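This report refers to the structure that appears directly beneath it.
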Amino acid sequence: GVGLISPPPHHDIYSIEDLAQLIYDLHQINPAAKVSVKLVAGAGIGTIAAGVAKANADIIQISGHDGGTGASPLSSIKHAGVPWELGLTEVHRTLVENKLRSRVLLRVDGGLKTGWDIALAALSGGEEYGFGTIAMIAEGCIMARICHTNNCPVGVTTQKEALRKKFPGTPEAVVNYFSFVGEEVRSILAHMGYSRIEDIIGRGDLLKPRPGAAPSKTIHMDLSFLTDLPDVRTERSWVHDGRTQGVHSNGPVLDDDLLKDPALVEAIAARGVYRRELDIVNTDRSVGARVSGVIAKRWGNKGFAAEGGKVSLLFRGSAGQSFGAFVLPGMRMEVVGEVNDYAGKGIHGGEIIIRPPEQVPAGFDASENVIVGNTALYGATGGHLFAAGRAGERFAVRNSGAWAVVEGTGDHGCEYMTGGRVVVLGSIGLNFAAGMSGGRAYLWDPKGEAVGKCTKEEDPKKEYGPVTDPEHVAELRGLIEEHLERTKSTVAAEILSKWAESLPKFVLAFPLDFKRAIETEKKAKADAAKDPVAALSPDEKELIGVNPAPDTAAKVKDLEDLVGKKERPSKVDKPRKLRGFIEYERGAAPYRPAEERVKDFTEIYVDRDEGKLQTQGARCMNCGVPFCNQNATGCPLGNKIPEWNELVYEGHWQAALQRLLMTNNFPEFTGRVCPAPCEGACVLGIIEQPVTIKNIEYAIADRGFKEGWVKPRIPKERTGLLVAVVGSGPAGLAAADELNQMGHKVTVLERDARPGGLLMYGIPNMKLDKRIVQRRIELLQAEGVDFVCGVEVGRQVTAEQLRGKYHAVLLAVGSTRARDLEIAGRGLRGIHLAMDFLGAQQRALFAQNPGLMENALHFRTPFKGNKDWKLDFDGSFVSVAGKRVVVIGGGDTGTDCTATSVRHGCKSLVNLELLDRPPESRDETANAWPAYPRIFRTDYGQEEVKARDGSDPRKYAVMTKEFVGDAEGNVTGVKIVSLKVGRDASGKPALEEIAGSEQVVAADAVILAMGFVGPDAGLVKGFGAATTPQGNIKALHGSNGDGFATSVDGIFAAGDCRRGQSLVVWAINEGQRAADAINKYLLQARVEQAVRAAKDGVPAGRAGHMRGLHTSAAAAAAAVADEGIVQQLVGMGFGENGCRRAALAVKNAGADAAMEW
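According to the UniProt record's numbering, the sequence shown holds residues 1 to 1157 in order.
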């Protein structure tokens, strides 16, 4: 293909006069059509809009920075103007004040979604409201942001039948959406006391700021201009109804006189022949456009000439701007005289001839005089132009199909030209062929000056040389002969009379990409007889399922051929991003071989393959709305997944690490133990296997430690505030990390011998090497976090002691009470809770390998063949070696118990699960994307049993009824009954026992892995915190307001003890958000302390304990006080400027906003 260099059309509108002429041209070709001018909301838009209104636009569309498909480059999205509210109010105000409001209808768009948006737009002056993105979403668009690739995964913007079949949209869905929007508008109008939306348009007096809603960053901004609009309560004549709005007229024009001629009307109707001569003056603008419009309305663009229709018009005089604009095939427009700017604008066919009069003064040389103005053939797509004289500047700009001959040009000739032919029989101006990517230009150059005036740009690169190809020679001579015939040009006659001598003096300007494309097309035609597919265009190949640009490493034809197949590569040397998700197969990192890894407690993962991961990063689609990083469906941490996927694909690993650490405190944990809800929400997962997000995250984190990029971050300032975090699991560690970076002094209290909680004792070593956890602990210690282990809060340290010492306390104690199975035989020996089983073994590993946990800060992974964790069965933990093991409960904990039992050398293993076997693929009704897919999976533990014993250990849809034992009180079996699993009306599982299905599963050891029911009740009671009916600590989620605060002042809760058992990523999320809430609580408390101190007249010398207070808090404290207190705070050492700014914040937005600031 040929890359087109073509800036947006406004690149060619240099003044309001240019825009006015364009509006005039459009009104000329279709006088019944409204002309809409789109203005991007920005500073000064009101002044521009006034000019547009004077230029006779019918509609001005104000577009805000929101909305759109997201298919634009990121740089464009980031610089796409300002909110539509700012632009609309400025335009409305300017037009009303300058008495121009009645001339135009104001339309607004830019992320409108609701009836509230419409009401706000109407009050701000808008009369029509544009919906784009949300309407697309209503019919099934998922904002994958690949509209231009023909690979839309839900079939909206694609011609591929396999993808079109995936289109879920119906007209009813769009109608339903807009019906709800309309109903909301009606409700709002009724609440305001109006029955018609026309009655509130421009009524700024009905708008008022929402008190206290301004965020801290904007409380100093004066936004009163949004509501301070001109008073239009009585004068409403300017309000337009788009259904009945009139169209501006160009007034009497020459084309109207032509169309009054019955002979022309009859010729158009019958597709006959019409000829006429008439005079023209330079006030006759856009001549021919209206006649073209009438023909096109009747016969379309080509139908008139196809049946022999022909309109020949000969004009004498000076033609005005846009002569011959939009003329169609079958029209011939000839001027004997001269033509102004924009001749042949948008010409689609037909012919324009410009020549000097037959009688000219002696010595007149047409080739030395300008006969056609600037910007001729602007945007032409076809037709011919012959001018016996010079053309002005920017001749044939954006020409994509017209053929022309002129006798000289000004500067910037053939700019951005993409097709057609141009012959210049005279000198050219500077910068010729800038941005020209298609077509050919023949330059008459007897003095050898032309090449020096042509652009030397590298992209698109041009070839300048003699005309030697016989096809080109014939093309050039034919155009010159035609020029001579049409214009009687003396220059053409002289060149043709000495053709053999003249030809070498021509220079051919030929874009190289265009030249290669033509050569490829010729070859394709030559090969068509052998291979018909080779002659097809890329789009035609796409339609029949042939990849028009296959990766040499890829073997697949197209998207519809790849689902369920493994023939695509998962790794290539130089992956390509554009079609990566089509060209490459998902390639998840494998585990170590099951037969090998069951012999040790080393991590199950293999060395990362960075080349493969780069290919996997290329599969990420850069979705406009990535669901993978949204906590409602994907990653609870909001990880910037598309960004670091892109950086890994590009090989920028350190930058990828920086992006990852922006949202995730501990990627080295989540990359190993998280079940990856992000992959379940991956947009690519709608049509095939999702991106290997988890593997990439794991590799980024480990590469960061290996390269030494992860270093202690020592806070530069300390607040002097003390926080205690009870519990060192993922929630507690995340909160400690965040609070420490905020400058507070954090102490983490842990009841076990080592910090880490679930990460250290609950997850087996082969899934998460404990040196990785210890490494993070040592990093936190280096950054200033204190850890106190072996302390059981509630017994050794009371709640009162903590509250007395620390300014705030966070309970992150997890959900430690295991769900037990209180049935007959529960008291038999050999029945163990999962955490007791796993935790005791981990403690034994620590005891038997004392040196491995030392200096973990320098521990690096991955490590090849490292089997340094040794375990001897010394009786300090439960061993199931040689035993028949039954694990009750699925999930991650059940898998961990299964894998651990295999490593002990159990004789057999059965895993009992209450619910039925999940389906192989997602249930698109009950478990639709982007929810986490409830599908059948084989995790590492089941894979190991299957490799050893030959079968999957899981039994589905069974209920444990009784534990069976022997006379010595040892468990010998588990009695189970099969279940029929259904769903009740709410979708919850409904279990029914199947009569006669009881059986006993032999067992010497039973491990209960059925989850957890809440935190330690005694600890919670010791703090006096309220609890939920489920036994969790009662606290709201969210870092604003009362988020994470318990019923006891200064006591907060986060993680599983508040949420209930959940994922590690949710625990980290809760720790982060709780830290925000605690920070806000602490600063607000210090604000109140500062106010009290100031009111009590604390002298500067006694206020030293307040110096740790953040300046922002001091300023806010001053703001909620009075001028005297401001002065006292300044005397204590706080900055006066900060106090003054906070006082202004209070004035503008209230004390609450000032405190937040």
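Every residue gets a Cβ at the ideal spot worked out from N, C-alpha and C, and that includes glycine. Keep in mind that this is a model prediction, so the values were computed, not measured.
Distance CB(residue i)-CB(residue j) smaller than 8 Å
| i | j | result |
| --- | --- | --- |
| residue 815 | residue 1044 | no |
| residue 1180 | residue 1009 | Residue 1180 cannot be examined here, being either before or after the span of the chain that is shown, 1 to 1157. |
| residue 1082 | residue 808 | yes |
| residue 414 | residue 432 | yes |
| residue 229 | residue 125 | yes |
| residue 642 | residue 626 | yes |
| residue 429 | residue 412 | yes |
| residue 301 | residue 348 | yes |
| residue 730 | residue 990 | no |
| residue 336 | residue 319 | no |
| residue 765 | residue 845 | yes |
| residue 350 | residue 328 | yes |
| residue 1166 | residue 40 | Absent from the structure is residue 1166, since the part of the chain shown begins at 1 and ends at 1157. |
| residue 1031 | residue 1017 | yes |
| residue 324 | residue 352 | yes |
| residue 272 | residue 303 | no |
| residue 465 | residue 512 | no |
| residue 1003 | residue 973 | yes |
| residue 506 | residue 467 | yes |
Simplified DSSP assignment, three categories, for residue i
| i | result |
| --- | --- |
| residue 593 | coil |
| residue 508 | strand |
| residue 429 | coil |
| residue 52 | helix |
| residue 1109 | Bear in mind that the predicted position of residue 1109 carries a pLDDT of just 42, short of 50, making it unreliable; the figure below should be weighed with that in mind. Coil. |
| residue 1071 | helix |
| residue 653 | helix |
| residue 334 | strand |
| residue 805 | helix |
| residue 823 | coil |
| residue 341 | coil |
| residue 1121 | Its pLDDT being 45, under 50, residue 1121 is placed unreliably in this model, and the value from its coordinates should be taken loosely. The answer is coil: DSSP assigns residue 1121 none of H, G, I, E or B. |
| residue 557 | For residue 557, the pLDDT reaches just 34, beneath the cut-off of 50, and the residue's location in the model is therefore unreliable, leaving the point undetermined. |
| residue 713 | coil |
| residue 65 | coil |
| residue 24 | helix |
| residue 444 | strand |
| residue 929 | coil |
| residue 14 | coil |
| residue 1099 | The pLDDT assigned to residue 1099 is 39, lower than 50, so where the model puts this residue is not dependable, and the model offers no usable value. |
| residue 126 | coil |
| residue 1164 | This structure does not reach residue 1164, given that the chain is present from 1 up to 1157, and the question cannot be answered. |
Residue range of the unbroken beta strand (DSSP E) whose run includes residue i
| i | result |
| --- | --- |
| residue 117 | Taken as a continuous stretch (DSSP letters only), residue 117 belongs to no beta strand (DSSP E), being part of the alpha helix (DSSP H) at 115-123. |
| residue 750 | 745-750 |
| residue 766 | No beta strand (DSSP E) contains residue 766, which DSSP labels as neither H nor E. |
| residue 585 | No beta strand (DSSP E) contains residue 585, which DSSP labels as neither H nor E. |
| residue 908 | 908-912 |
Start and end residues, alpha helix (DSSP H) containing residue i
| i | result |
| --- | --- |
| residue 1022 | 1017-1023 |
| residue 940 | 940-949 |
| residue 1164 | There is no way to answer for residue 1164, as the model of the chain reaches only from 1 to 1157. |
| residue 187 | 171-192 |
Residue i Cβ short of 7 Å to the ligand PLP heavy atom set
| i | result |
| --- | --- |
| residue 886 | As for the ligand PLP, it is missing from this structure, which has no ligand bound. |
Checklist entry - Below 8 Å, can you find three or more Cβ-Cβ pairs linking the stretch 389-406 to the stretch 474-490? => result yes
Checklist entry - Touching or not, the stretch 741-748 and the stretch 673-685, by the rule of three or more beta carbon pairs under 8 Å? => result no
Next on the checklist: Would you call the stretch 186-194 in contact with the stretch 148-167, where contact means no fewer than 3 C-beta pairs closer than 8 Å?
Outcome noted: no
Checklist entry - Whole alpha helix (DSSP H) runs in the stretch 245-326 with 4 or more residues, listed along the chain? => result 254-259, 262-270, 289-299 and 303-306
Checklist entry - Using 8 Å as the threshold, is the stretch 678-687 in touch with the stretch 706-718, meaning 3 or more CB pairs across them? => result no
Checklist entry - Curious, which full-length alpha helix (DSSP H) runs of at least 4 residues does the stretch 970-1031 contain? => result 1017-1023
Checklist entry - Is the stretch 135-148 touching the stretch 615-629, taking contact as three or more C-beta pairs under 8 Å? => result yes
Next on the checklist: Measuring CB atoms only, is the stretch 256-272 touching the stretch 290-301, in the sense that at least three cross pairs come out at less than 8 Å?
Outcome noted: yes
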